[in-house]
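Beneath this line is the structure, given in structure tokens, with notes to follow.
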Amino acid sequence: MDCIFCAIRDGEIPSPKLVENEFCYVIRDINPQAAVHLLVIAKPHVANIAEAVDECPELVSGMLKTAVECARQEGLEEGGYRLVTNLGENGCQSVKHLHIHVLGGEKLTENIGK
Ligand code: 5GP
Ligand code: ZN
């Protein structure tokens, strides 16, 4: 299986990890959509949030906790921020390995749909 987030997890593709724990690791998005754009990436290869909720719900809570802690660490809490996870084609998920986007550091668009 060719998966970029598994390769980064395993150090095959170098990418500085801001945080790493039993559930996930955190990197900066290569193509940031906001002043701060982090990716909280599941440690195991799980395709998306729906699969994780069914098969390993503790992973979901661990990732959400990590996302909130990273946002706090980045100083995003006071101004606010957005957590996003895309699923499938309509959700425009480009990497089929569960990850949560943390977006903030500036005012985001009100429209989060199309
Ligand atoms: P998705 O579209 O699947 O929700 O989000 C995938 C995200 O991964 C995109 O925002 C994209 O910029 C980011 N991304 C893809 N490849 C890499 C990479 O090699 N390094 C980093 N840091 N981000 C990546
Ligand atoms: Zn993977």
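Each residue of the sequence shown is one higher than the one before, starting from 266 at the first, in my numbering. Glycine included, C-beta positions come from ideal geometry on N, C-alpha and C. If you're wondering where the values come from, they're calculated on a predicted model, not measured in any experiment.
Proximity test, residue i beta-carbon vs the ligand 5GP heavy atom, cut-off 6 Å
i	result
V425	Here the chain comprises residues numbered 266 to 379, so residue 425 is not present and cannot be evaluated.
I269	yes
I295	yes
I314	no
N286	no
I292	yes
N351	yes
Per-residue DSSP class, three states only, for residue i
i	result
C268	coil
I292	strand
N273	In the sequence as displayed, the identity of residue 273 is Ile instead of Asn. DSSP places I273 in helix when its eight states are reduced to three.
H362	coil
G356	coil
L368	strand
Identity of the residues DSSP links to residue i by a beta bridge
i	result
E285	Y290
Any non-hydrogen atom of the ligand ZN closer than 6 Å to residue i Cβ
i	result
H364	no
H302	no
Expected contact under 8 Å - CB spacing of residue i and residue j to nearest Å
i	j	result
V367	A336	5 Å
I269	V360	6 Å
I314	Y290	Wrong, their Cβ atoms sit about 17 Å apart, outside the cutoff.
### Task
Could you tell me which uninterrupted alpha helix (DSSP H) segments, each at least 4 residues in length, are contained entirely in the stretch 289-354, listed from first to last along the chain?
314-320 and 322-338
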